[in-house]
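> These protein sequence lines map, in sequence, to chains L and R. In terms of the numbering used here, the numbers along the first sequence are unbroken and rise by one, the last being 148. In terms of the numbering used here, the numbers along the second sequence are unbroken and rise by one, the last being 296.
2 protein chains.
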Amino acid sequence: MQGLIDLMAETSTQNPERIAEVLADHGVRPTSQRETVYSSLLQKRDHPTADEVFARVREKAPTISLATVYNCLDVLVQHNLVKAVNFERAPTQYCANLAPHAHFHDEEGRTLDIDMPAGMFEQLRGLLPQNFDVKDIEVNFHGRAPKS
Amino acid sequence: MQGLIDLMAETSTQNPERIAEVLADHGVRPTSQRETVYSSLLQKRDHPTADEVFARVREKAPTISLATVYNCLDVLVQHNLVKAVNFERAPTQYCANLAPHAHFHDEEGRTLDIDMPAGMFEQLRGLLPQNFDVKDIEVNFHGRAPKS
DNA sequence: GTTGCGAATTAGAATTATTCTAATTGGGTG
DNA sequence: CACCCAATTAGAATAATTCTAATTCGCAAC
Ligand SMILES: [Mn+2]
Ligand SMILES: [Mn+2]
Ligand SMILES: [Zn+2]
Ligand SMILES: [Zn+2]
């Protein structure tokens, strides 16, 4: 049994048609490279680095360059289709999960999505004075996750 | 009128004697470079980068090297006297505020400490399954702070 | 007081993720 | 078809940090 988000991902993933549509809806001109990069992020819901995305998309787009992968990822981040996740000084990781969530960074290098109940971000926001303009709140856990 | 933390900082700051003691208490051999670096972090409670620390300590220790500044900061972080703070891919910043707190990253580059009420970190911890071993929780706000 | 030791410091080279540059490509429009 | 301009590309440049290998330092043993 699958959650709503997963179903959505699967649907988008399997319709190249829809990928272009989603990009366009977010103001991103759907080039083939952008479609390939975005599609690869939707297909495997982990948190790959630019290099890992590069490796994955080469199969579908053998002539794509690493610079283009960076360009595509930047555009997707700028248009809120993808989130860039940073942990310590490790290479930036990319996340296509648009639901508000936190990240758990395992000591072995895995990065897991952690659901945040609706009120939690508001509660955190409440720690700041009213006259602060908050654009983003980031919650990162670090530790050891069970091996499973 | 000042808070307890500030008083403590001030006291430590003005007694080179005490700085060495604090280092030793935390298992750090108090070399003159480490004392100078740690002292500089206590004196100005902002969030300097390694380069900024380097610039500041040169006055007191004109022969110190940047490599040593990095070494000292690493040792202080390893022994929990200082926290390393990362935001996006900006140079790592260092924070001598040991009270649990969050960070607000201003769009103009300032970094502010945000107090966290006692229960908040526990509440966040509660979002994870019991069998996760959590070593650290990081909360970063991003946005615009009033100019004041 | 000198010597010996291991840790710390140092200068500079190396690393590496990312950004920049400048040339080329290519999809859509007239 | 030709034009346009954004996107793509290969490769060079950048910059924070780490590494390397040599030197210095503080301290204890003698
Ligand atoms: Mn880690
Ligand atoms: Mn910022
Ligand atoms: Zn995520
Ligand atoms: Zn801080």
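Think of the CB as a built atom: it goes at the ideal place given N, C-alpha and C, for glycine as much as any other residue. Quantities reported herein were computed from a predicted structural model and do not represent experimental measurements.
What is the DSSP secondary structure of aspartate 173/R, counted as helix, strand or coil?
Indexing the second sequence from 1 puts residue 173/R at position 25. If DSSP states are grouped into helix, strand and coil, aspartate 173/R belongs with the helices.
> Check the Cβ-Cβ distances between histidine 142/L and every residue of chain R, and say whether any is below 8 Å.
By one-based count along the first sequence, residue 142/L stands at place 142. Closer than 8 Å: yes.
> Do aspartate 74/L and histidine 290/R count as a contact pair if the criterion is CB distance below 8 Å?
Translated into positions along the second sequence, residue 290/R becomes position 142. Translated into positions along the first sequence, residue 74/L becomes position 74. Cβ atoms of histidine 290/R and aspartate 74/L: not closer than 8 Å.
> Let me know if lysine 231/R comes out buried or exposed under the rule of 16 or more other beta-carbons within 10 Å of its beta-carbon.
The residue labelled residue 231/R in the question sits at position 83 within the second sequence. Buried.
> Residue range of the beta strand (DSSP E) that asparagine 288/R falls in?
Locating residue 288/R in the second sequence gives position 140, where the first residue counts as 1. Run containing asparagine 288/R: 281 to 292, per the beta strand (DSSP E) assignment.
> Using a Cβ-Cβ distance cut-off of 8 Å, determine whether isoleucine 285/R contacts chain L.
As a working mapping, residue 285/R is identified with position 137 in the second sequence. Judged by the 8 Å Cβ criterion, isoleucine 285/R is in contact with chain L.
> Is any non-hydrogen atom of ligand 4 found closer than 7 Å to the C-beta of valine 139/L, if you look at the structure I gave you?
Residue 139/L sits at position 139 when you count from the first residue of the first sequence. No, the beta carbon of valine 139/L sits no closer than 7 Å to any heavy atom of ligand 4.
> Drop a sphere of 10 angstroms on the beta-carbon of serine 148/L, count the other beta-carbons inside from all chains shown, and report buried for 16 or more, exposed for fewer.
For the purposes of this step, residue 148/L is identified with residue 148 of the first sequence, where counting begins at 1. Per the 10 Å Cβ criterion, exposed.
> Going by DSSP, which residues form a beta bridge with tyrosine 94/L?
If you number the first sequence from 1, residue 94/L lands on position 94. DSSP lists Ala84/L as partners of tyrosine 94/L.
> Excluding the 5 residues preceding and the 5 following arginine 58/L in the sequence, name in chain order all residues of the same chain whose CB lies nearer than 8 Å to its CB.
Reading the first sequence from its first residue, position 58 is the one you call residue 58/L. Ile64.
> Based on DSSP bridge pairs, tell me the residues matched to phenylalanine 104/L.
Residue numbering aside, residue 104/L sits at position 104 when the first sequence is read from its first letter. Partner(s): Leu112/L and Phe141/L.
> So is serine 187/R buried or exposed if we call it buried at 16+ other beta carbons inside 10 Å?
As a first step, residue 187/R is located in the second sequence; it is residue number 39 there, counting from the start. It counts as buried.
> Count the other CB atoms, across all protein chains shown, that sit within 10 Å of the CB of leucine 41/L; report buried if there are 16 or more and exposed otherwise.
Counting from 1 along the first sequence, the entry for residue 41/L is found at position 41. It counts as buried.
> Measure from the C-beta of proline 294/R to each C-beta in chain L and report whether the shortest distance is under 8 Å.
Taking the first residue of the second sequence as 1, we reach residue 294/R at position 146. Chain L, which has a Cβ nearer than 8 Å to the Cβ of proline 294/R, makes this yes.
> Ligand 4 heavy atoms versus the CB of asparagine 234/R: any closer than 7 Å?
Stepping through the second sequence from its first residue, residue 234/R is reached at position 86. Outside the cutoff, so no.
> Between the alpha carbons of phenylalanine 104/L and arginine 193/R, how many angstroms are there, rounded?
Walking along the first sequence from the start, residue 104/L turns up at place 104. Walking along the second sequence from the start, residue 193/R turns up at place 45. Phenylalanine 104/L and arginine 193/R: Cα-Cα distance of roughly 29 Å.
> Could you tell me the distance, in whole angstroms, from the CA atom of threonine 49/L to the CA atom of alanine 215/R?
For this step, residue 49/L is matched to residue 49 along the first sequence. For this step, residue 215/R is matched to residue 67 along the second sequence. Computed Cα separation, rounded: 28 Å.
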